[in-house]
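> To start, I am sharing the structure in question, which I have written as structure tokens.
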Amino acid sequence: MIGIVGYGSYLPRYRIKVDLIAKQWGADPEAIKRGLLLYEKTVPGQDEDTITISVEAARYALQRARIDPQKIGAVYIGSESHPYAVKPSATVLIDALGIGPHVHAASYEFACKAGTEAMYSAYSLVKAGEMEYALGIGADTSQGAPGDALEYSASAGGSAFIMGKENVIAEILFTNSYTSDTPDFWRREHEFYPRHAGRFTGEPAYFKHILNAGKTLLEKSGLSPKDFQFAVFHMPNGKFPLEVGKKLGFTKEQMEAGWISPWMGNTYSGSSPTGLSAILDVAKPGDNIFMVSFGSGAGSDGFIFKVTNEIDNVRDLAPKLRDMLDNDKIYLDYGQYAKFRQKIILNE
Amino acid sequence: MITPRYHREIPQRHRLEAGKCKQCGHISFPPRLVCPKCKSKSFETVNLSREGKILTFTIIRVGPDKFSKETPYVVAIIELSEGRSANAGVRLTAQIADCDVDKVEIGDKVKLVFRKIQDEGKSGLHCYGYKAVII
Chain A
1 MIGIVGYGSY LPRYRIKVDL IAKQWGADPE AIKRGLLLYE KTVPGQDEDT
51 ITISVEAARY ALQRARIDPQ KIGAVYIGSE SHPYAVKPSA TVLIDALGIG
101 PHVHAASYEF ACKAGTEAMY SAYSLVKAGE MEYALGIGAD TSQGAPGDAL
151 EYSASAGGSA FIMGKENVIA EILFTNSYTS DTPDFWRREH EFYPRHAGRF
201 TGEPAYFKHI LNAGKTLLEK SGLSPKDFQF AVFHMPNGKF PLEVGKKLGF
251 TKEQMEAGWI SPWMGNTYSG SSPTGLSAIL DVAKPGDNIF MVSFGSGAGS
301 DGFIFKVTNE IDNVRDLAPK LRDMLDNDKI YLDYGQYAKF RQKIILNE
Chain B
349 MITPRYHREI PQRHRLEAGK CKQCGHISFP PRLVCPKCKS KSFETVNLSR
399 EGKILTFTII RVGPDKFSKE TPYVVAIIEL SEGRSANAGV RLTAQIADCD
449 VDKVEIGDKV KLVFRKIQDE GKSGLHCYGY KAVII
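Line order of the protein sequences matches chains A and B. Residue 62 in my numbering sits at position 62 of the first sequence, with consecutive numbering throughout. The number in my numbering is simply the position in the second sequence, starting from 1, with 348 added.
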């Protein structure tokens, strides 16, 4: 049996309400909230970035996995906000957590699906018998240009998953990926903010890739949507994941546990992985979980998990996602948010 | 250029590695070559616990250049749980992150978290280490 042996998530405490962003740019807050189903989002502290978020999420994953960090043979971090253009984020993480130095480490990038890429690679290495454990992380301090639609959703957070063969809490039964050259969203070298093709990011990008990856995944497994207790999809806003899930045949009840974007925003590479983390916090042994990510450019990774009895032994060993999402929040006004996100030009 | 010093201090700043005297059990953080209690030169490496309490603190309202955009912020002396269990007095200085500076109190329980401490300018190294958050 191969799958997740430990999982953990981290969300910053800071938040900004969508109303304040809308007001700043003269937009109607109610129309934004109604249209995108977004209410507030996480904001990283001035001292937080993809590396610090990854370290805290992975620390919680290790607490749940109860393994010697030295046994981890690979660490992959997927993000589109790695603090360094050249120097893998995992090099800092392994030293912070006592992993390695005999470890394979790399930074992944594939817009919002870099996290599931990292999970897939970690899973594949364990499945191939190359190592006992491998760690895959999706984390971001997402960028969105001031005044752009992305500013309502671009948020911060991440999740870490340790793959292994013993004491598995969620077995990976099937995977499927779907990738194409679709220019819906990109960021050129040295540019601070990403660009996107507006409505083109919907049907030809998000929906096409998730639906194709998801339908083939169901065919591969021989299962139908009613065989699943939970489903989670990439969450660029609150609306898209519910729509794409419905198109695949899932109900809102199946998606409710992992549907966190209305209060978290879009944590880009950490989006669907963090939804999965919220599901594992409440899933019962024997439950099936359907998950499909989406990354612009574009591609989707699909996974089918089966939760095992082991989940009940590890669930309470680290903070749960909904607790982090709902409690100890510090709300920022737009000026503080602009300062925290370095949107203000300063002298050296 | 602080890169060489930052690199040397990674075991302490990233993993809280301390030196525990093999003779008397006193824990030194950062590690020392000679035990300040029994003068032994024999140590084992231990990782400190990440929880403790605030012994005392100050509020920085006019910070040095690199921290001037973070003011006001709290810097505290924290006693880690090893200090109470082994009477070894493991204390360290750290910034208290994510807090209302006017609500911090002596005795508050804290845990140490991994945060960015400073940058070497716009193109230099990001320097990471521990800060504390109130729990």
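Positions of the beta carbon are idealized from the N, C-alpha and C atoms, including for glycine.
Buried or exposed for A/E40, please, with buried defined as at least 16 other CB atoms from any protein chain shown within 10 angstroms of its CB.
So A/E40 counts as buried.
> Going by DSSP, what residues sit across from A/S224 in a beta bridge?
Paired residues: none, contrary to the question.
> Cα-Cα, which of A/L20, A/I2, A/R34 is closest to A/E130?
Ranking the options by Cα distance to A/E130, first place goes to A/I2.
> Can you grab the Cα-Cα spacing for the pair A/T50 / B/K387, in whole Å?
Whole-angstrom Cα-Cα distance: 43 Å.
> Taking only beta-carbon positions, decide if A/V55 is within less than 8 Å of chain B.
Yes - at least one Cβ of chain B is within 8 Å of the one on A/V55.
> Please look up how many angstroms separate the CB atoms of A/G170 and A/K320, rounded, as I've assumed it's under 8 Å.
This sequence places Ala at residue 170 of chain A; Gly is not what is there. Contact flag wrong, Cβ pair sits at about 15 Å.
> Would A/Y7 pass as a contact of A/I72 if the rule is Cβ separation under 8 Å?
Not a contact, by the Cβ cut-off of 8 Å.
> Would a C-beta distance cut-off of 8 Å place A/I32 and A/Y152 closer than the cut-off?
Taking 8 Å as the Cβ cut-off, A/I32 and A/Y152 qualify as a contacting pair.
> Thinking A/I77 and A/A139 are a contact (beta carbons under 8 Å), I'd like their distance in whole angstroms, please.
That belief holds up - the Cβ atoms of A/I77 and A/A139 are roughly 7 Å apart, short of 8 Å.
> If the criterion is Cβ atoms closer than 8 Å, does the pair A/L317 and A/Q70 meet it?
Not in contact: A/L317 and A/Q70 (Cβ atoms no closer than 8 Å).
> Buried or exposed: which applies to B/H355, given that a residue is buried once 16 or more other Cβ atoms fall within 10 Å of its Cβ?
By the 10 Å Cβ count, B/H355 comes out exposed.
> Let's test the definition: count the other Cβ atoms within 10 Å of the Cβ of A/V92 and tell me whether it reaches 16, buried, or not, exposed.
Buried, because 16 or more other Cβ atoms sit within 10 Å of the Cβ of A/V92.
> According to DSSP, is A/A170 helix, strand or coil?
Three-state result, A/A170: strand.
> I need the straight-line Cα distance from A/S360 to A/K252, nearest angstrom please.
Chain A is shown only over 1 to 348; residue 360 of chain A falls outside these bounds and no answer can be derived.
> Taking only three categories from DSSP, how would you classify A/A338?
Helix, per DSSP.
> Pop quiz: A/Q143 and A/P194 are said to be a contact at Cβ under 8 Å. What is the actual Cβ separation, rounded to whole angstroms?
Confirmed, Cβ separation roughly 6 Å.
> How long is the line joining the alpha carbons of A/I356 and A/T179, rounded to whole angstroms?
The shown model of chain A, from 1 to 348, leaves out residue 356 of chain A, and the question about it has no answer.
> I'd like the list of long-range same chain contacts for B/F405, defined as Cβ closer than 8 Å, with 5 residues on each side in sequence excluded.
Once the five neighbours on either side are set aside, the close Cβ partners of B/F405 are V422, V423, A424, I425, I444, V452, I454.
> If the criterion is Cβ atoms closer than 8 Å, does the pair A/I99 and A/V75 meet it?
Contact: yes.
> Curious, which full-length beta strand (DSSP E) runs of at least 3 residues does the region 28–92 of chain A contain?
Whole beta strand (DSSP E) segments, 3+ residues: 40–43, 72–78.
> Do three or more CB pairs link the region 84–91 of chain A to the region 273–280 of chain A at distances below 8 Å?
Contact between the region 84–91 of chain A and the region 273–280 of chain A is absent, because fewer than three Cβ pairs lie under 8 Å.
> Counting only beta-carbon atoms, is A/T52 nearer than 8 Å to chain B?
At least one chain B Cβ lies under 8 Å of A/T52.
> Whole angstroms is fine: what's the gap from A/P183's alpha carbon to B/D413's?
Roughly 42 Å separates the two Cα atoms.
> Taking Cβ positions only, does B/E418 come closer than 8 Å to chain A?
Yes, because at least one Cβ of chain A sits closer than 8 Å to the Cβ of B/E418.
> Quick check: is the beta carbon of B/Y354 nearer than 8 Å to any beta carbon in chain A?
False, the Cβ-Cβ gap to chain A never drops below 8 Å.
> Do you know how far the Cα of A/G158 is from the Cα of A/A257?
If you take the alpha carbons of A/A257 and A/G158, they lie about 17 Å apart.
> Using the three-state DSSP reduction, which class does A/T251 fall into: helix, strand or coil?
Residue state, collapsed to three classes: coil.
> Could you tell me if B/T441 is buried or exposed, where buried requires 16 or more neighbouring beta carbons within 10 angstroms of its beta carbon?
By the neighbour-count rule (16 or more Cβ atoms within 10 Å), B/T441 is not buried but exposed.
> For the putative contact between A/F294 and A/H234, defined by C-beta atoms under 8 Å, what is the C-beta separation to the nearest angstrom?
Confirmed, Cβ separation roughly 4 Å.
> With H, G and I counted as helix, E and B as strand and the rest as coil, what does DSSP make of A/N266?
If DSSP states are grouped into helix, strand and coil, A/N266 belongs with the strands.
> Establish whether the CB of A/P83 and some CB of chain B are separated by less than 8 Å.
Yes, A/P83 counts as interfacial toward chain B.
> Below 8 Å on the Cβ atoms is my contact criterion, and I expect A/M119 with A/F174 to pass it. Report the Cβ-Cβ distance as a whole number of Å.
About 14 Å; that fails the 8 Å criterion.
> Does DSSP put B/V456 in a helix, in a strand, or in coil?
The sequence as given places Asp at residue 456 of chain B; Val does not occur at that position. B/D456 falls in the coil class under three-state DSSP.
> Exposed or buried, which one is A/R34 when buried takes at least 16 other CB atoms within 10 Å?
Looking at its Cβ environment, which holds fewer than 16 other Cβ atoms inside 10 Å, A/R34 is exposed.
> My output table needs one value for A/F303: the three-state DSSP class, helix, strand or coil.
A/F303: strand per DSSP, three-state reduction.
> A/W25: buried (16+ other C-beta within 10 angstroms of its C-beta) or exposed?
Exposed, because fewer than 16 other Cβ atoms sit within 10 Å of the Cβ of A/W25.
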